[in-house]
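Here the structure is laid out as structure tokens; the discussion comes afterwards.
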Amino acid sequence: MSQVKKAMAFLCTLLLSGVLAIVPNSSAGAIFGSICESATECISLGNNKYHSVQTDGSFGSNNTYDVPNMWYAVRDRLQYSFTDQTNVQAYFDQSDPYPDVRVADYDWGNTNWLGATYCPSNNTGTGGNHPDRWCRGQLIKFNAYYYWVNTVMQDWTVRHHVACHELGHTLGLRHNYYVGADGTISCMHTLLDARLLRSGEIGELNAHYP
Amino acid sequence: MNPTSTNRVIAAAATASLLLCGVAACGDERGAPPPVAPAAGPSAGGDLDAPRPSDAAFFRRFHLMASWLPEPEGLAAGVRESTLVLTARVTGVRETRVLGTGNDTHGFVGVTLEPVEILHGSKVQDLDEITVEFDNPDPSDTPAFLAGLRASLPEGQALWFLLWKGTLPPTAKKDVRINPDEKAYYRLIHPFGGLAVQGPSGIITPLADADHSPPPGRASLARDVQGASKLSNLAKAVKAQ
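Chain order of the listed sequences is A and B.
With this note's numbering, the residue at position 49 of the first sequence is 49, and numbering never jumps.
With this note's numbering, the residue at position 6 of the second sequence is 1006, and numbering never jumps.
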């Protein structure tokens, strides 16, 4: 990252931290759009509707530092939650020199999170302005601790929820706390039992990625 | 939520906690740290209720958009699931660990605390200091990140619900292996309600999403924490559990 870019990121952090401290609910209710609330978290959009995903290292293998079967969860959610549900074309591509997303897994310990997404400093391109800031080369991490020690990710539904949730973040979807009258939720909810998007999110993605 | 309904929630949570302790003999001790005598401390109050919006901004830098474990269902559950609940001041920040290989590393930043009052539980015996680990998912920026944090350390107290990282979850298998380095640190019991700072018009939970809302009918630690209005009220409610 260049010095200018670092300075801009730092200023962004300072400014938004201050602004959000004064107006804590400024983004309440929004389900789509980039966020830059902190140095550790800048949710970004994809740069276009073609969303390639590349796996790092031994991702998804049966090793104790990986989440077994996570590869299948990501593959299925790329297809069924995004390509089939929206205009976005989301797919694995190990040969893309500039993948939109890289996925990795490891035992990062008792962190409380099962999966996390961000735009790392070794990204391969950023652009646009909030709330349409995009990042190419985003990184999704899945924490194998929650498969092998806390066993919550041994559940198929949880793996698919987390895969859908983190992939949604890489396209600009935020957490969505809406609960339908029938009790159904989106995979962007923080509860761990959904694997599809809701109509509002599909509309946002289709509008942004025509 | 109005104050009357808040009090009802807190009272209900306290009652539920007592009932649950009765039924479950105060919980499963598996993985609990070796107990030590609770530290005595000054009473809550004083500057505990002084608004500190800049402190909230400091903590908000650790906000991470992620898939979290479920939030404790209310204040009683948050207290019960925590190793230690306390009011404390931040004394420093430092890089603690970087785990992983190649491009897949993940870093942690430790926030060290000076306890003011321990409200529930006890410190882990073998640890000289209380260091709460937060995520720093981009280790290449750590020096700048730490410099920014050190330039704006919180001035006031916050109320912390902490889990010792050496705690084994109830679902863990008996032969499970955890990284021994984990045992030097705590984490928040949950980011949404595990950290509370006094704001000008109520309690701020700086790491909760602005529009966080539990499903209808489900209790929430963050909601109960916010409903206490003042940190001194929250401290009393924790001690009543």
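The C-beta atom is built at its ideal place from N, Cα and C for all residues, glycine as well.
- For the set A/His-208, A/Met-188, A/Leu-197, A/Ile-202, the Cα lying nearest the Cα of B/Ser-1067 is the one of A/Met-188.
- Proximity of B/Asp-1126 to chain A, defined by a Cβ-Cβ separation below 8 Å, is not satisfied.
- Apart from the 5 residues on each side of it in sequence, B/Ala-1208 sits with its Cβ closer than 6 Å to the Cβ of Phe-1192, Ala-1222 in its chain, given in chain order.
- Contact check for B/Leu-1099 and A/Gly-109: beta-carbon distance about 7 Å, within the 8 Å limit, so the pair qualifies.
- When DSSP states are grouped into helix, strand and coil, B/Lys-1183 belongs to the helix group.
- The closest CA to that of B/Asp-1138, considering only A/Ala-144, A/Cys-119, A/Thr-151, is found on A/Cys-119.
- Note that the C-beta distance between B/Ile-1204 and B/Ala-1056 is below 8 Å.
- Taking 8 Å as the CB threshold, A/Val-162 lines the interface with chain B.
- With a cut-off of 8 Å on Cβ pairs, the region 1102 to 1120 of chain B is in contact with the region 1074 to 1088 of chain B, counting three or more such pairs.
- By the Cβ criterion, the region 127 to 142 of chain A is not in contact with the region 1152 to 1166 of chain B, since fewer than three pairs of Cβ atoms, one from each stretch, lie closer than 8 Å.
- Using a CB distance below 9 Å, the part of the region 93 to 117 of chain A facing chain B consists of Arg-102, Ala-104, Asp-105, Tyr-106, Asp-107, Trp-108, Gly-109, Asn-110, Thr-111, Asn-112, Trp-113, Leu-114, Gly-115, Ala-116, Thr-117, ordered along the chain.
- Apart from the 5 residues on each side of it in sequence, A/Tyr-146 sits with its Cβ closer than 6 Å to the Cβ of Leu-114, Val-152, Met-153 in its chain, given in chain order.
- Between B/Leu-1162 and B/Ser-1232 a beta carbon distance of about 19 Å is seen, past the 8 Å cut, so the two are scored as non-contacting.
- Here the region 125 to 136 of chain A makes no contact with the region 68 to 79 of chain A; the two share fewer than three CB pairs at distances below 8 Å.
- C-alpha of B/Ser-1201 to C-alpha of B/Phe-1058: approximately 18 Å in a straight line.
- In the DSSP assignment, A/Gly-200 falls within the unbroken alpha helix (DSSP H) covering 199 to 208.
- Using beta-carbon distances, A/Asn-150 counts as an interface residue toward chain B, with a partner under 8 Å.
- Assigned with DSSP and collapsed to three states, A/Tyr-50 falls in strand.
- Proximity of B/Thr-1087 to chain A, defined by a Cβ-Cβ separation below 8 Å, is not satisfied.
- Interface annotation, B/Arg-1150: not in contact with chain A, CB-CB separation never under 8 Å.
- Taking CB atoms only, A/Tyr-147 has no neighbour in chain B less than 8 Å away.
- The bridge partners DSSP lists for A/Phe-142 are A/Asp-105, A/Gly-115.
- Not one beta carbon of chain A lies nearer than 8 Å to the beta carbon of B/Val-1225.
- Within chain B, no residue has its CB atom less than 7 Å from the CB of A/Pro-68, the nearest being about 15 Å off.
- Between B/Arg-1187 and B/Glu-1133 a beta carbon distance of about 6 Å is seen, short of the 8 Å cut, so the two are scored as contacting.
- In terms of beta-carbon proximity, A/Tyr-177 lines the interface with chain B, with at least one pair separated by less than 8 Å.
- When secondary structure is reduced to three states using DSSP, A/Cys-164 falls in the helix class.
- Separation of the CB atoms of B/Asp-1104 and A/Asp-56 is rounded to 5 Å, and the pair is thereby assigned contact status at 8 Å.
- Interface annotation, B/His-1212: in contact with chain A, CB-CB separation under 8 Å.
- Taking all protein chains shown into account, A/Tyr-98 has fewer than 16 neighbouring C-beta atoms within 10 Å of its C-beta and is therefore exposed.
- Shown here for B/Ser-1152: same chain residues with a beta carbon closer than 8 Å to its own, the five before and five after excluded, namely Ser-1054, Ala-1057, Phe-1058 in chain order.
- Within the region 46 to 77 of chain A, those residues whose Cβ lies closer than 7 Å to any Cβ of chain B are, in chain order, Asp-56, Gly-57.
- Under the three-state reduction of DSSP, B/His-1106 is assigned to strand.
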